[in-house]
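Worksheet for the structure shown next.
In the working numbering, the protein residues as written are 6 to 252.
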C-alpha cells in the first residue's frame with residue numbers, strides 16, 4: 006500500500022505556460038502608472054533607479070531566500086530619486102497591480118493539467134507552492150486558468166516570506182495539509198527550487214520539463230528527481246509508478 010497522502014505542485018512553468026508576455030512593455034506601463042500617480046520623473050531616470058533597486062533585492066531573494074515584494078524596490082527607487090514614499094503607499098500598490106496585468110493574462114494552462122489534478126484530487130490532498138514576489142498574481146492566475154478548486158492549500162513566497170528551496174515554505178505547506186514530507190510527492194520544473202528543495206526534506210520528487218527548464222537543465226544541475234516527466238500528461242503515470250513502489 007502506498008504511504009503517499011499529498012501531492013504538491015509548482016505553478017508557473019509546471020502547470021501553466023507564459024505566452025506572449027513582454028517585460029519591457031510591463032515596465033513602461035509601470036512607469037506610466039507611477040507618473041499618473043503624481044511622481045513626476047523621466048522614464049529613463051525611473052527605469053534606471055528601478056533596475057538598480059530590483060537587482061539589489063534580487064540578490065537578497067536568491068542568496069538569502071527571503072522574499073521581497075515589488076512595492077519595496079519600487080518605493081526605494083522613487084526615494085533614491087528624491088521622493089518620499091514607502092511600500093504601503095496606495096499609489097505604489099496600484100502601480101504594481103497595473104505592472105502585473107499583462108503577466109496574469111499571459112498564463113495558459115498546460116495540456117493535461119485539469120485531468121491530472123482532477124484524478125489526483127480524488128485520492129490525495131493537493132497543494133500549490135509558488136515562488137512569486139506578489140501573491141495576488143498567483144491567486145488570480147490559479148482562478149484565471151480554472152484550477153483553484155483542486156487545491157487544499159495555495160502558498161506563495163510573498164505571503165510566507167521565504168522562497169523555495171528554503172525548508173520553511175515547504176514545511177508550511179506540509180503543516181497546512183497535515184502530512185509529513187515522506188508522505189508527499191512534489192511536482193515541479195525547477196531543479197534547484199523544486200527538486201532540491203523538496204528532496205532535502207525527504208519528499209519524493211517528479212521533475213516535469215517546461216518552457217523554462219527543459220530536461221537538459223535537470224541534467225546540468227546535478228539534481229536527481231525520483232521520476233522525470235517530459236510533459237504534464239506523463240505526471241499521472243509517474244505518480245502511479247512512485248506510489249506503487251512507496252512503502
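Cβ atoms here follow ideal geometry from the backbone N, Cα and C, with glycine treated the same way. The model shown is predicted, which means the values in this text are computed figures rather than measured ones.
Spatially closest choice to residue i from the options, by CA coordinates
i	options	result
residue 237	138, 194 and 8	194
residue 15	227, 222, 242 and 215	215
residue 140	82, 170, 105 and 123	105
residue 71	188, 138, 93 and 83	138
residue 84	197, 123 and 39	39
residue 206	28, 181 and 171	171
residue 242	192, 162, 184 and 187	192
residue 60	50, 78, 69 and 43	78
residue 98	88, 115 and 75	75
residue 244	211, 217, 227 and 221	211
residue 47	23, 82, 64 and 26	82
residue 95	112, 109 and 42	42
residue 272	219, 174 and 117	Limits of the chain in this structure are 6 at one end and 252 at the other, which puts residue 272 out of reach.
Length of the line joining the Cα atoms of residue i and residue j
i	j	result
residue 100	residue 126	37 angstroms
residue 225	residue 35	36 angstroms
residue 158	residue 146	15 angstroms
residue 153	residue 132	10 angstroms
residue 156	residue 62	30 angstroms
residue 6	residue 176	Model confidence at residue 6 stands at a pLDDT of 38, short of 50, so the residue's coordinates are unreliable and nothing is read from them.
residue 248	residue 8	7 angstroms
residue 142	residue 160	12 angstroms
residue 21	residue 213	12 angstroms
residue 209	residue 13	10 angstroms
residue 229	residue 223	8 angstroms
residue 123	residue 150	14 angstroms
residue 52	residue 107	18 angstroms
residue 24	residue 30	14 angstroms
Element boundaries [alpha helix (DSSP H), containing residue i]
i	result
residue 207	Premise fails: residue 207 is in no alpha helix (DSSP H) and is neither H nor E.
residue 182	172–182
residue 118	118–126
Where residue i sits in the DSSP three-state scheme
i	result
residue 109	helix
residue 241	helix
residue 248	helix
residue 193	strand
residue 17	strand
residue 215	coil
residue 226	helix
residue 6	No answer about residue 6 holds up, because its pLDDT of 38 lies below 50 and its placement is not dependable.
Bounding residues of the beta strand (DSSP E) (the contiguous stretch that carries residue i)
i	result
residue 169	Neither: residue 169 is in no beta strand (DSSP E) and is coded neither H nor E.
residue 150	No beta strand (DSSP E) contains residue 150, which DSSP labels as neither H nor E.
residue 130	130–135
residue 186	Residue 186 -> no beta strand (DSSP E), and no H or E assigned at all.
Alpha helix (DSSP H) runs wholly inside the stretch 56–103, at least 4 long, in chain order: The qualifying runs are 75–85.
3-residue-minimum beta strand (DSSP E) runs that sit fully inside the stretch 20–60, ordered along the chain: For the stretch 20–60, whole beta strand (DSSP E) runs of length 3 or above, ordered along the chain, are 21–23.
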